[in-house]
Amino acid sequence: VFFLNSSLTEEDISDGLGYTVFVGEKISPSRFRQADEDLDLGWVSGTRATLRNVGWAVNHEIREKAKRQDLQEPIRKVSPLEVGGFSSWHSQGAQFLFGDGRVQFLGIFTTPEVLQRLGNRADGQLVSGY
């Protein structure tokens, strides 16, 4: 729905506003970054600072960092230009704003298939059980 020079209307969202994610939470990097990690480049940059996609599981990045710390493995440095997924400090998921104005919590066990369907405005696929 949101992309460069987008001029979509409600009619362009054929899956329905109530079945399309518009906005989701993301963790502020300053709260969990490693000393050598770059910060977000800011909202005006059009990078991972504001742009996210549904190609990652909810809270994937923070869970991956926690797992690596537990195993005492090096944490992969993430480029500020790399697009990321949605994340929050809620250990079990994140809040999402749908096109109909509803906010709903989607858990970490939301399947990739469901998350991708909710992120697609016109795939014609039914979504249930989220």
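Residue numbers (this note's numbering): 6 to 135. Glycine included, C-beta positions come from ideal geometry on N, C-alpha and C.
Here DSSP, grouped into helix, strand and coil, assigns Q121 to helix. L13 carries a coil assignment under DSSP once its states are collapsed to helix, strand and coil. Here Q130 has R122 as same chain residues with Cβ atoms under 6 Å from its own Cβ, once five neighbours each way along the sequence are excluded.
In summary, T115 is buried, with 16 or more beta-carbon neighbours lying within 10 Å of its beta-carbon over all protein chains present.
Relative to the Cα of A54, the nearest Cα in the group N10, K82, V88 belongs to V88.
The C-beta distance from G104 to L22 rounds to 3 Å, short enough to meet the 8 Å contact threshold.
Across the structure, V83 and V132 are spaced so that their CA atoms are roughly 32 Å apart. In the same chain as L46, and ignoring 5 residues on each side of it, the C-beta atoms closer than 7 Å to its own belong to T52, A54, P85, in chain order. In the DSSP assignment, Q109 forms a beta bridge with F101. When DSSP states are grouped into helix, strand and coil, G89 belongs to the strand group.
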